[in-house]
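In UniProt numbering, the protein residues as written are 1 to 501.
For every residue, glycine included, the Cβ atom is placed at its ideal position computed from N, Cα and C.
Read the structure below first, then the notes.
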C-alpha cells in the first residue's frame, strides 16, 4: 500500500475528531456516525463549517477576542466584547444551558438541514422562493426563547428526510424510534401549553405554528390518521382568537397560508362526505385570498386563480354530499360548477408568467399549464362523482384531452429536478384519472412516485402510490372511489415562523 493510501485510510472523519472518538475509516460515511444517527461529514481536507456550541461558563472559540495589541502606528486596537460580537449574525455564542433539552440533537438537525435539505429545496423550486433559506446562527439564537414544540420540530423534520431518502432500509429503520421519541417530546410540550389557560391564550400563534409543523411532520412520516385532528385543533384555536381577521400580528401570514394550503389540498384527496370544507371555512379562505393572494409564492405551485377554483370545487363537493341521497344536486350547484370549469379553461398560463423574471418565465408557463390541466381534471371528475356534472360526451372528451396534455407535461417536467415535488399533486390527479386510460399511463405514474419519495425524503409519494394501485385494482372508476379516507398530500415541509412574536 502506498504512503498516500495509508494516509487516506488513517484519516479520521471530522465528526469523530470533534468528539475525540476512534473512527473506523469506512467511506463515504463511518459506521460510528451512522450508529449514532449523525450525518458523517466525511474525510475532506477542509473542516466543515459548524456552529460553536459552548458548555456553560465557557466563553472561548477559535474566533475569540485576542489580547490588546499595538498596531504599527502605536495605537491600541479596541477590545471587542461578546455582546458586540453577538450583533454579528455570523458569530453568535449559544451556551448549551440556553436549551433545556437535546442541544446536540438540535445542532445535528440544523447541520443536516443546511447540508442536505436546503440544497434539495432550492433545486426543486422554480425561481427563488423567499421562504426557503439556510438556518443561520441568528435563527438559532432567536429560537432559544421558543417552546420545545417549536425548537424540536427541526429534529423531526431532519429525521424524516433521513429516513425516507436513505438507501439502506436497516439504517432508515434504526432512525424511526428516534423520530417517535422527539415526536413524543413535541406532543408533551404542546399538551402542557394547551392545558395551561394563561399560556394557551398568550401563545395561540406559537401553538398554531407548532401544530402545523407536527401535522406536516406526521404527513411526511406516514402517520395517516392524525392530520385531521391537528387541523381541527388549529380551527379551534382560530375560533378562540375570534376568527382569521383577529389573527393579525408579526409572522402570522405564513401560518395562515400553510393552514389554507393543507386544508384545501387535503380535501381534494378526501371522500366528498368527509371534507373539512364548510361555508364558514370558505369565508375564512376568502379572507386569506383577499389579504395575501397577490404574491407569486402564496400557494406555490398553484396560480391564485386555479387555487381559488380548487377551493370552490371542494365547497361544491361538500354541499352536494350534504344533500345526498335525499335530494339531487340543485340547478344552482350545476351552474356554479360550469362557471368554475370555464374559469379554469380560460386561465392563460402565458399571461400569468408575464410578471415573472424572464429567466424563469418558461418554467412558470410549464408549471402553470401542468396545474391548469390537473385542476380541470379534478373539477370534472370530482363533480361528476357527486352528480353535479353529467357524464356527457363533451365533458368526457374535455377530460380526456386534459389527461393527455397532463401526461405529456409531466413526462417533460418530472425529469427536471426543479419540478419534482412541485408537480406531486398533479401526478396524483393523473393517476386517479388514468383508470380510464392505458396500463402504460398507470405504470408511468406508479414508477414516478417511488423515486420521488426518495428525492423528496418523504413518505407522501409512497402513500399516493399505495392508494392509487388499490384504486386501479378495485374496479371503481369514480373520483371518490379512490379515497376511502382523507389523505394529506403534503408538499410543504414546514411553516416559516421566524417572524412570530
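Residue environment analysis places residue 391 among the exposed positions, since fewer than 16 neighbouring C-beta atoms fall within 10 angstroms of its C-beta. Taking C-alpha positions only, residue 242 is separated from residue 152 by approximately 29 Å.
Between residue 262 and residue 285, the CB-CB gap reaches or exceeds 8 Å.
Distance from the CA of residue 168 to the CA of residue 33, rounded to the nearest whole angstrom, comes to 14 Å.
Residue 185 sits buried, since 16 or more C-beta atoms from the chains shown fall within 10 Å of its C-beta. A contact between stretches requires three or more CB pairs, one per stretch, nearer than 8 Å, and the stretch 483-498 fails this requirement with the stretch 321-339. Going by DSSP, residue 460 is part of the alpha helix (DSSP H) stretching over 460-474.
Straight across, the Cα-Cα distance linking residue 366 with residue 266 is about 24 Å. Distance from the CA atom of residue 256 to the CA atom of residue 221, rounded to whole angstroms, is 23 Å. Within the same chain, Cβ atoms closer than 8 Å to the Cβ of residue 274 are found at 485, 486, the five residues on either side in sequence being excluded.
In the three-state reduction of the DSSP assignment, residue 230 falls in the helix class. With respect to the 8 Å criterion, residue 124 and residue 453 are not classified as neighbours on the basis of their beta carbons.
With a cut-off of 8 Å on Cβ pairs, the stretch 148-166 is in contact with the stretch 454-466, counting three or more such pairs. Taking a 10 Å sphere around the C-beta of residue 268, we find 16 or more other C-beta atoms and assign the residue as buried. For residue 346, the enclosing alpha helix (DSSP H) stretches over residues 331-346. Annotation for residue 121: 132 place their beta carbon closer than 6 Å to its own, counting only its chain and skipping 5 residues before and after.
Taking C-beta atoms as the reference points, residue 350 and residue 406 fail to come closer than 8 Å. Linking residue 387 to residue 324 through their CA atoms gives a straight-line distance of about 10 Å. When only Cα atoms are considered, residue 439 and residue 17 end up about 54 Å apart. Using a 10 angstroms sphere on the CB of residue 105, the tally of other CB atoms reaches 16 or more, which defines it as buried.
Taking C-alpha positions only, residue 148 is separated from residue 397 by approximately 54 Å. Ranked by how close their Cα comes to the Cα of residue 475, the residues 435, 180, 358 have 435 in first place. It is roughly 6 Å from the alpha-carbon of residue 208 to the alpha-carbon of residue 234.
For residue 391, no alpha helix (DSSP H) encloses it, and the DSSP letter there is neither H nor E. Annotation: residue 103 to residue 424 spans about 35 Å, alpha carbon to alpha carbon. If you look at residue 183, you'll find it in the alpha helix (DSSP H) that goes 169-195.
Distances from the alpha-carbon of residue 230 to those of 339, 215, 477 put 215 closest.
For residue 119, the uninterrupted alpha helix (DSSP H) segment begins and ends at 118-123. In the same chain as residue 426, and ignoring 5 residues on each side of it, the C-beta atoms closer than 7 Å to its own belong to 370, 371, 374, 406, 410, in chain order. Its Cα nearest to that of residue 399, the residue 341 stands out among 28, 341, 320, 449. DSSP, reduced to helix, strand and coil, places residue 160 within a helical segment of the structure shown. Residue burial annotation: residue 308 is buried, with at least 16 other C-beta atoms found within 10 angstroms of its C-beta. Contact annotation: residue 282 and residue 304 have beta-carbon atoms that are not nearer than 8 Å.
Short of 6 Å from the beta carbon of residue 299, and not among the five residues preceding or following it, lie these beta carbons of its own chain, in chain order: 261, 307.
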